[in-house]
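Below: one structure, written as structure tokens.
Protein chains: 2
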Amino acid sequence: MPDILHKVDIRSSPNDTYRALTTLEGLAGWWTRTTQGNPNAGGTIGFRFGPHGGFDMKVLELEPAKRVLWQVVDGPDEWIGTKVSFDLRSDGDFTVVLFKHQGWKEPVEFMHHCSTKWATYLLSMRSLLESGQGAPYPNDVHISARGD
Amino acid sequence: MPDILHKVDIRSSPNDTYRALTTLEGLAGWWTRTTQGNPNAGGTIGFRFGPHGGFDMKVLELEPAKRVLWQVVDGPDEWIGTKVSFDLRSDGDFTVVLFKHQGWKEPVEFMHHCSTKWATYLLSMRSLLESGQGAPYPNDVHISARGD
Chain A
0 MPDILHKVDI RSSPNDTYRA LTTLEGLAGW WTRTTQGNPN AGGTIGFRFG
50 PHGGFDMKVL ELEPAKRVLW QVVDGPDEWI GTKVSFDLRS DGDFTVVLFK
100 HQGWKEPVEF MHHCSTKWAT YLLSMRSLLE SGQGAPYPND VHISARGD
Chain B
0 MPDILHKVDI RSSPNDTYRA LTTLEGLAGW WTRTTQGNPN AGGTIGFRFG
50 PHGGFDMKVL ELEPAKRVLW QVVDGPDEWI GTKVSFDLRS DGDFTVVLFK
100 HQGWKEPVEF MHHCSTKWAT YLLSMRSLLE SGQGAPYPND VHISARGD
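Sequence order for the protein chains is A and B. Residues in the first sequence are numbered consecutively from 0, following the numbering used here. Residues in the second sequence are numbered consecutively from 0, following the numbering used here.
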């Protein structure tokens, strides 16, 4: 099955990077301002994008400063059951973030869109951590004619 | 085998988008300023990125305003033999660009890096076509600690 893969190096500590992935405030700072729910292990986090819908993620694994794994429990059909992971490691002044969105059944056009869009959100996370200012929805980078 | 997939919608005609993918001037405007060679079918184009090396692409298919297919004939080991395609279609005022970099043997860390980096270059191409100003190397978006 095809996966979406990304990597970004962030001038930030693994602890701070982990916090951006595991607190409502952190997530709202780079993915979508409308982030609610329980970001602890076993909890469910709801991410909403206004008219574009959203996703509910169950937090499957949390390993401080190292790894975050979610599973999509609600959202677009193509996303349900897929898993999203962030693996972190230290590299000098940087944290290396390896991202994977796995479990897509088919390499549909929507998967192409989500791959590009994930890149923009990971760069938003980097911007949040390096400059204090991310670009979460509704201030995100639009890559489609329909405005998402 | 895993593929890198992306999609970006560009407020541009398929003809203009195709030109950005099939002329040295177009390619130098969004990917790397150091683009040389023969961009016609059967030709080989060399893309160079200063100390970060580069790629030679053989042009396998050209279908005006619709499709571009390259095969990597020189560059990093992981890239050699892989294929890069751009499929274009019109959607109102936009051209939908579906991108695929296929034939990777393994989902190595370098593939994660290249996936994110391709997203930034496709957004550079969009910027070139929509505003006249892309962000080709050496003015590209750096996503790694080593400066590429």
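We put the CB at the ideal spot given by N, CA and C, even for glycine. From a predicted model like this one, the values you see are computed outputs, not experimental measurements.
Once the 5 residues before and after residue i are set aside, which same chain residues still bring their CB inside 8 Å of it?
i	result
Leu23 of chain A	Thr34, Gln35, Gly36, Pro38 and Ile44
Ala40 of chain B	Val58, Leu59, Glu60 and Leu61
Val72 of chain B	Thr43, Asp55, Met56, Lys57 and Ile79
Ser126 of chain B	Trp29, Gln132, Gly133 and Ala134
Gly52 of chain A	Gly74 and Pro75
Trp117 of chain A	Ile3, His5, Phe98 and His100
Going by CA-CA distance only, name the one from the options that's closest to residue i.
i	options	result
Glu77 of chain B	B:His51, B:Phe109, B:Leu97 and B:Met124	B:Phe109
Ser145 of chain B	A:Thr115, A:Lys6 and A:Thr16	Here residue 145 of chain B turns out to be Arg, not Ser, going by the sequence shown. Ranking A:Thr115, A:Lys6 and A:Thr16 by Cα distance to Arg145 of chain B puts A:Lys6 first.
Leu121 of chain A	A:Pro1, A:Asp2 and A:Ala19	A:Ala19
Cys113 of chain A	A:Leu128, A:Thr16, A:Arg125 and A:Asp147	A:Asp147
Asn138 of chain B	B:Gly49, B:Asp15 and B:Thr16	B:Gly49
Gln70 of chain B	B:Phe46, B:Thr16 and B:Tyr17	B:Phe46
Tyr17 of chain B	B:Trp117, B:Phe85, B:Gly91 and B:Gly52	B:Phe85
Val96 of chain B	A:Val96, A:His111, A:Asp92 and A:Leu97	A:His111
Please say whether residue j and residue i have beta carbons closer to each other than 9 Å?
i	j	result
Gln101 of chain B	Ile9 of chain B	no
Trp29 of chain A	Ser143 of chain A	no
Val83 of chain A	Lys104 of chain A	no
Pro1 of chain A	Pro1 of chain B	yes
Using a Cβ-Cβ cutoff of less than 6 Å, which residues in the same chain neighbour residue i once the five nearest sequence positions on both sides are dropped?
i	result
Pro13 of chain A	Ala64, Leu87, Ser89 and Thr94
Thr115 of chain A	Ile142
Arg32 of chain B	Pro135
Asp92 of chain A	Arg10
Leu26 of chain B	Thr34
Run through the DSSP bridge pairs and tell me what residue i is partnered with.
i	result
Leu97 of chain B	B:Lys6 and B:Asp86
Gly146 of chain B	DSSP output for Gly146 of chain B lists no bridge partner at all.
Gly36 of chain B	B:Ile44
Leu61 of chain A	A:Val67
Asp55 of chain A	A:Gly45 and A:Asp73
Tyr136 of chain A	A:Thr31
Checking contacts by CB at 9 Å: is residue i closer than that to chain B?
i	result
Val72 of chain A	no
Lys99 of chain A	yes
Val140 of chain A	yes
Pro106 of chain A	yes
Ala118 of chain A	yes
Thr31 of chain A	no
Asp15 of chain A	no
Arg125 of chain A	yes
Gly133 of chain A	no
Ser130 of chain A	no
Spell out whether any CB of chain A is found under 9 Å from the CB atom of residue i.
i	result
His51 of chain B	no
Leu122 of chain B	yes
Ser143 of chain B	yes
Val83 of chain B	no
Met110 of chain B	yes
Thr22 of chain B	no
Val95 of chain B	yes
Thr34 of chain B	no
Gly91 of chain B	yes
Under 7 Å Cβ to Cβ from residue i, same chain only, skipping five residues before and after it: list those, please.
i	result
Lys140 of chain A	Correcting the residue identity first, residue 140 of chain A is Val in this sequence and not Lys. Counting only Cβ-Cβ distances below 7 Å, and skipping sequence neighbours, we find Thr119 and Ala134.
Val107 of chain A	Glu77
Ser11 of chain B	Thr94, Leu128 and Glu129
Thr21 of chain B	Pro38, Leu61 and Val67
Thr81 of chain B	Val71, His100, Gln101, Gly102 and Trp103
Asp15 of chain A	Leu128
Name the residues in the region 0 to 13 of chain B whose C-beta lies less than 7 Å from a C-beta of chain E; which are they?
-> Absence of chain E from the displayed structure is noted, the protein chains being A and B.
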